[in-house]
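There are 2 protein chains.
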Amino acid sequence: MLPRRPLAWPAWLLRGAPGAAGSWGRPVGPLARRGCCSAPGTPEVPLTRERYPVRRLPFSTVSKQDLAAFERIVPGGVVTDPEALQAPNVDWLRTLRGCSKVLLRPRTSEEVSHILRHCHERNLAVNPQGGNTGMVGGSVPVFDEIILSTARMNRVLSFHSVSGILVCQAGCVLEELSRYVEERDFIMPLDLGAKGSCHIGGNVATNAGGLRFLRYGSLHGTVLGLEVVLADGTVLDCLTSLRKDNTGYDLKQLFIGSEGTLGIITTVSILCPPKPRAVNVAFLGCPGFAEVLQTFSTCKGMLGEILSAFEFMDAVCMQLVGRHLHLASPVQESPFYVLIETSGSNAGHDAEKLGHFLEHALGSGLVTDGTMATDQRKVKVPCVLLAGDGNLHLNVTAEAFSPSLLAALEPHVYEWTAGQQGSVSAEHGVGFRKRDVLGYSKPPGALQLMQQLKALLDPKGILNPYKTLPSQA
Amino acid sequence: MLPRRPLAWPAWLLRGAPGAAGSWGRPVGPLARRGCCSAPGTPEVPLTRERYPVRRLPFSTVSKQDLAAFERIVPGGVVTDPEALQAPNVDWLRTLRGCSKVLLRPRTSEEVSHILRHCHERNLAVNPQGGNTGMVGGSVPVFDEIILSTARMNRVLSFHSVSGILVCQAGCVLEELSRYVEERDFIMPLDLGAKGSCHIGGNVATNAGGLRFLRYGSLHGTVLGLEVVLADGTVLDCLTSLRKDNTGYDLKQLFIGSEGTLGIITTVSILCPPKPRAVNVAFLGCPGFAEVLQTFSTCKGMLGEILSAFEFMDAVCMQLVGRHLHLASPVQESPFYVLIETSGSNAGHDAEKLGHFLEHALGSGLVTDGTMATDQRKVKVPCVLLAGDGNLHLNVTAEAFSPSLLAALEPHVYEWTAGQQGSVSAEHGVGFRKRDVLGYSKPPGALQLMQQLKALLDPKGILNPYKTLPSQA
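Order-wise, the sequence lines are chains V and R. Under our numbering, the first residue of the first sequence is numbered 1040, with each subsequent residue one higher. Under our numbering, the first residue of the second sequence is numbered 1040, with each subsequent residue one higher.
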């Protein structure tokens, strides 16, 4: 049995602390909460249309008559103030900027429906936006698309305390939903760094994975129903709250991960798991990559149903963490580090299982050092490189945006990934940034079917144009 | 702590025993294994076209030239012997019978592709068939559709011992896959009564739920990739083996639960969970329905991650079980009975959790009697009425098929279900039987989108016609 030492993460890394970071590698907190607007003194982000070779499609432009119509549909919810439009035009990574002149803030599905009916008739392009925390530029306009914000669609509609089924509007902030269901002894089936700003509708539209994926699986399994407004304003009701429903095609699946290009998600029904009563965290040093994999297999076997996270980072990453975040490693220097989290219903049983596993791992040389913390405060240790779900976050940083560096790196990374039968976007989606590298992960037949589905559901292409689908079919 | 008494189920109910039944309410075993052909002396099933008001669509009929072409595509795999065609023309419930004169037995996706290209050109209708164990007539021809059997597509293509990802052909029998992965310390994420005959491709095509749903969730979450042959013979490759892949629309989802009407699934990639080391079963008597629900809530909280099944039956059902299956209840007579199964990685921990729960349930009067069995042999207790996933199997039996009885019962059951926001087919799909009651569970907009998707993917309507979609759009 290992000695229990507190983990050396500082207080600001603790979940729920003011300005807490949910994940290393992407600063969240107040900046993200404000919707990624530029802090005073930060240089202006160049316009996307100037930085990328992209041409505006022949959509109409917003007229005074359109504005008047929108004002009738969402009284008090039409934003045209240039200052207020700065933040929602810029993406979270601050390398993309649109020039939308109108942001609409509907409160209901009916209002979304009326907006889209109008835009469809007038051939006006629409950019749906939740918390604007996406990493691939899916949530900001490329040109002057109308921004349709779900920020005011933030009501919980129902929660069932036996089944754990939550029904809520798309604009509910993930962290607020977490708080709501945790008060009722449940948790959300997903958790991610941007939770303080991201909207559940955006999570579903981008098929967000996050930190609980290993345990609770994908949104394709946990989302039970959706209400979606189609491009022409039709409200598609797939809002069942049933764990099992086999009545025909599972239409809601089409919209999970389609990034707002097939319809705008307005209401979500989602299954929440019971809140675990005990959470334990262990941080380990591993002598090599083979041992990391073996540690994963062993802990899947020995921890079984209580394993809720398995993450690793290498020595270089730990050095950067020390240098930039001033975090000391809680274990001896090692070539690799592994973080294991367990969540279960019985603290004693879980600690015993974890203890047995650690004894075995140390005894067999899989692990050279380790520390364990009983974590009542739920220490959030950031997703770093590879998670138990086979997901690699490669973070390359440079002084400034450099198209030549990008051009030198990207093809190599994508080709290598494709060669390994990997996905060029396991987690963050396609959006604007990755639409032209889809071919590395999807064969031509699949891309063609995507185009056909887009043409079927949004024949005028007004929903989130320039996103998700390759620019040349 | 309750005394441990062996459960009173007879040996033939044990899993793996010869001729074992996997589920009460549907006899499986040799009969099902043979593909539901009629035993000698059983009366002939009337033709579907004579029993139901359905009209043949204007497809071509199979010519000598077609047979010759098929023989070139699948040498030795063209069955035209009327005797051999009897069984695959009749459904498992023995109330539907088609009159197909050709059954094809391809071995590869390429052969399926060539068959469909030919059928598409010739406007020949095709009925895909796996184990022919469906309950709604989705797997048998209505008229003379060509039966395309996946029986010879039964190879495991790969298994990854760290991730538990299995890739196999669609015609693999579920029980054989279970055996294969269990030898490698994993289990299939689904299990059902018909496992001795059903094919994994059919499971995916019908989005089968089954006994492990509560723990491992739906196939929309556990199926990682599919290869599908479309109506015109195009092979659609969505066969990733990645837990996370967010590169565009999740096309494979379209085919999960679409009952072979949008494409024929030829290869499946599926995530297998680690094999639990301990399985426990408790059988309890409950004084009322409110107590059944409260017992469910309580055991979700106290058993948490190890709860793998929660089923209940009422007193009438238990009486029928006693009368017809000669099974004695292992607990005192009660208005309701509950079965709880746990699966976990540590036998001691699991038994302790279950013991605590039972003590609490007895002490608080939720449960009036109970018995517990440590189940090394994995006693299979059948799905009876309501499962922990909110799924009700209403079994009404009569001496013989009675259209008037059916007509008197069905509208009432469907209306009541719709009134409760329930699904008219939580588990068994739509197939031929339920296509005209979809409107109880799906709004017109959703039915219209289903029709549009069908028209997009199968414009000639040759794939499993007369199924899944309402007869009048």
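Where a beta carbon is used, it is the ideal one built from N, C-alpha and C, also for glycine.
| Item | Value |
| --- | --- |
| Limits of the alpha helix (DSSP H) - the one that Gly1340(R) falls within | Phe1328 to Leu1342 |
| Cβ pair count under 8 Å reaching 3, the region 1345-1365 of chain V against the region 1211-1225 of chain R | no |
| CB contact below 7 Å: Ser1347(V) versus chain R | no |
| Reduced DSSP secondary structure (H/G/I, E/B, other) of Glu1380(V) | strand |
| Neighbourhood of Ala1108(R) by C-beta distance below 7 Å, restricted to the same chain and skipping five residues each side | His1157 |
| Residue-chain proximity (Pro1313(R), chain V), Cβ-Cβ < 7 Å | yes |
| Beta-bridge partners of Gly1324(R), as assigned by DSSP | Tyr1376(R) and Asp1408(R) |
| Closest by C-alpha distance to Thr1134(V), when choosing among Gly1383(V), Gly1176(V) and Ile1154(V) | Gly1176(V) |
| Burial state of Lys1392(V) (16 or more Cβ within 10 Å) | buried |
| Beta carbon proximity, Leu1495(R) to chain V, threshold 7 Å | yes |
| Cutoff 7 Å; reference Pro1313(R); Cβ partners in own chain excluding five residues on either side | Gly1203, Asp1224 and Phe1225 |
| Meets three-Cβ-pair contact criterion under 8 Å: the region 1232-1249 of chain R and the region 1268-1287 of chain R | no |
| Close-in-space but distant-in-sequence residues of the same chain around Phe1335(V) (CB under 6 Å, 5 per side omitted) | Phe1349 |
| Under 8 Å from the C-beta of Ile1295(V): neighbouring residues of chain R | Asp1289 and Gln1292 |
| Alpha carbon of Arg1136(R) to alpha carbon of Glu1454(R), nearest angstrom | 28 Å |
| Beta-carbon proximity of Phe1294(R) to Leu1265(R), cut-off 7 Å | yes |
| Bridge-paired residues (DSSP) for Pro1313(V) | Phe1225(V) |
| Residues of the region 1161-1189 of chain V with Cβ closer than 7 Å to any Cβ of chain R, in chain order | none |
| Unbroken beta strand (DSSP E) run spanning Phe1351(V), endpoints | Leu1346 to Asp1353 |
| 6 Å CB neighbourhood of Leu1187(V) in its chain, flanking five on each side removed | Leu1143, Val1165 and Pro1167 |
| Within the region 1166-1229 of chain R, ranges of the beta strand (DSSP E) (whole runs, at least 3 residues) | 1185-1188, 1195-1198 and 1204-1208 |
| Top-ranked residue by Cα proximity to Ile1303(R), from Leu1155(R), Leu1213(R), Asp1183(R) and Val1463(R) | Leu1155(R) |
| Neighbour flag for Thr1306(V) against chain R, beta carbons, 7 Å | no |
| Start-to-end residues for the alpha helix (DSSP H) that takes in Glu1089(R) | Thr1087 to Arg1090 |
| Within-7 Å CB hit, Gly1232(R) to chain V | no |
| Minimum Cβ-Cβ distance from Val1320(R) to chain V less than 7 Å | no |
| Simplified DSSP assignment, three categories, for Thr1456(R) | helix |
| Bridge partners - Leu1142(V), DSSP secondary structure assignment | Val1118(V) and Ile1186(V) |
| Cβ neighbour criterion (16 or more within 10 Å) applied to Arg1251(V) | buried |
| Cβ of Met1227(R) within 7 Å of any chain V Cβ | no |
| Pro1498(V) versus Leu1213(R): straight-line alpha-carbon distance, rounded | 41 Å |
| Status (buried if at least 16 other CB within 10 Å, exposed otherwise) for Leu1444(V) | exposed |
| Residues, ordered as in the chain, of the region 1478-1504 of chain V that lie near chain R by beta-carbon distance below 7 Å | Ser1480, Lys1481, Pro1482, Gly1484, Ala1485, Leu1488, Met1489, Gln1491, Leu1492 and Leu1495 |
| Test item: CB-CB of Met1192(R) and Gly1210(R) under 7 Å | yes |
| DSSP-derived helix/strand/coil call for Thr1507(V) | coil |
| Start and end residues, alpha helix (DSSP H) containing Cys1158(R) | Ser1148 to Arg1161 |
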